[in-house]
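Engineer: First the structure, which I've put down as structure tokens, then a few questions once you've had a look.
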Ligand SMILES: [Zn+2]
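Numbering (my numbering), first residue to last: -1 to 293.
Here you go:
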């Protein structure tokens, strides 16, 4: 892919919207209590009831720092899983190359949580079948509680949600920097816990002067999730997701923060406006046409 990904300038930071590719997942899982008749208008399901989703990974650049937020699915899935989720080898390294960067140039990764569609790209499967660290020079920032739950899932639901995590953690063990609570990773770039989707889910925020940007990961995974009750069935605490969403989005309306969506197939990021009590998209960074409709 020769075209560089779309980007935003946030003060002295550049935020480039990488994607690890399109994939598909069950619409019911993505929209929780919302009836299919409502979500299918914005996200038409295929014959398997799957909707098309993105794996947006904002890359935050300043000076020598190149910090990516989440890593997509990567190339570690087996052939059955590739079919289920309609995902191939992932695009992250191609998109980095279009910016003149290699995987080894990434200095940091902020992992929102350890579900496979956010941390799978932390490893690469080599032709031999062995796994290697995808970002050998990166410091990997995740909440300590998220790591503990992934390593010791105490019931069947958590065991299923983190079944892939062991190989990702083992391959990156000495690169992991578990954090407790909020952390300023470099001046102006923050990792902040939200809970909600998982108990220790975190988001990434950039603030420089009057400009700001936030990647809300699975708190607002698509543009449709701007609505309060539209939350994923995966959320362990949907009420916390709603509270965090409402707090971050009202802030975004008042200080014109750019918000990016982890899984939206059409919009990478947008400003949010309050139109007579309803949150609507303002100025947008659209997913370019050549990145849509293929996976
Ligand atoms: Zn996700």
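Where a beta carbon is used, it is the ideal one built from N, C-alpha and C, also for glycine.
Keep in mind it's a predicted model, so treat the numbers as computed, not measured.
Which residue marks the beginning of the beta strand (DSSP E) containing residue 22, and which one marks its end?
Structural biologist: From DSSP, the beta strand (DSSP E) with residue 22 extends over 21 to 24.
Engineer: Around the Cβ of residue 164, are there at least 16 other Cβ atoms within 10 angstroms (buried) or fewer (exposed)?
Structural biologist: It counts as exposed.
Engineer: Closer than 8 Å: is that where the CB of residue 148 sits relative to any heavy atom of ligand 1?
Structural biologist: No, since every heavy atom of ligand 1 falls outside the 8 Å radius drawn around the Cβ of residue 148.
Engineer: Given the structure, does residue 223 come close to ligand 1, in the sense that its CB is under 8 Å from one of the ligand's heavy atoms?
Structural biologist: Flag unset: Cβ of residue 223 not near ligand 1.
Engineer: Kindly identify the DSSP beta-bridge partner or partners of residue 191.
Structural biologist: For residue 191, which the question treats as bridged, DSSP gives the partners 200.
Engineer: Excluding five sequence neighbours on each side, which residues of the same chain lie with their C-beta closer than 7 Å to the C-beta of residue 263?
Structural biologist: Closer than 7 Å at Cβ, skipping near neighbours: 20, 50, 51, 52, 285, 290.
Engineer: To the nearest angstrom, how far is the alpha carbon of residue 82 from that of residue 2?
Structural biologist: C-alpha separation (whole angstroms): 29 Å.
Engineer: Roughly how far, in whole angstroms, is the beta-carbon of residue 68 from the beta-carbon of residue 116, given that I think they are within contact range, below 8 Å?
Structural biologist: Confirmed, about 4 Å.
Engineer: Residue 71 and residue 93 - do their beta-carbons sit closer together than 9 Å?
Structural biologist: In this structure, residue 71 does not lie closer than 9 Å to residue 93 by Cβ.
Engineer: Do residue 116 and ligand 1 come close, with the Cβ less than 8 Å from some heavy atom?
Structural biologist: Under cutoff, so the answer is yes.
Engineer: Three or more C-beta pairs under 8 Å: does that hold for the region 20 to 37 against the region 197 to 209?
Structural biologist: In short, these stretches do not touch, since the Cβ pair count stays below three.
Engineer: Can you tell me where the beta strand (DSSP E) holding residue 175 begins and where it ends?
Structural biologist: Counting along the chain, the beta strand (DSSP E) containing residue 175 begins and ends at 174 to 177.
Engineer: Which of helix, strand or coil does DSSP assign to residue 166?
Structural biologist: Helix.
Engineer: Closer than 8 Å: is that where the CB of residue 216 sits relative to any heavy atom of ligand 3?
Structural biologist: Absent from the structure shown: ligand 3. Ligands present: ligand 1.
Engineer: Can you round the beta-carbon distance between residue 105 and residue 80 to whole angstroms, since I take them to be within the 8 Å contact cut?
Structural biologist: Contact flag wrong, Cβ pair sits at about 30 Å.
Engineer: If you run the structure through DSSP and keep just helix, strand and coil, what is residue 281?
Structural biologist: In this structure, residue 281 counts as strand in the three-state DSSP scheme.
Engineer: Within 8 Å: the Cβ of residue 260 and any heavy atom of ligand 1?
Structural biologist: Yes, ligand 1 has a heavy atom inside 8 Å of this Cβ.
Engineer: Please return the same chain residues whose Cβ sits closer than 7 Å to the Cβ of residue 228, not counting the five positions on each side in sequence.
Structural biologist: 29, 32, 222, listed in sequence order.
Engineer: Considering only their Cβ atoms, is the gap separating residue 213 from residue 91 smaller than 9 Å?
Structural biologist: Against a cut-off of 9 Å, the Cβ pair of residue 213 and residue 91 comes out as no contact.
Engineer: Check whether the Cβ of residue 162 sits closer than 8 Å to any heavy atom of ligand 1, and report yes or no.
Structural biologist: Every heavy atom of ligand 1 is 8 Å or more from the Cβ of residue 162, so no.
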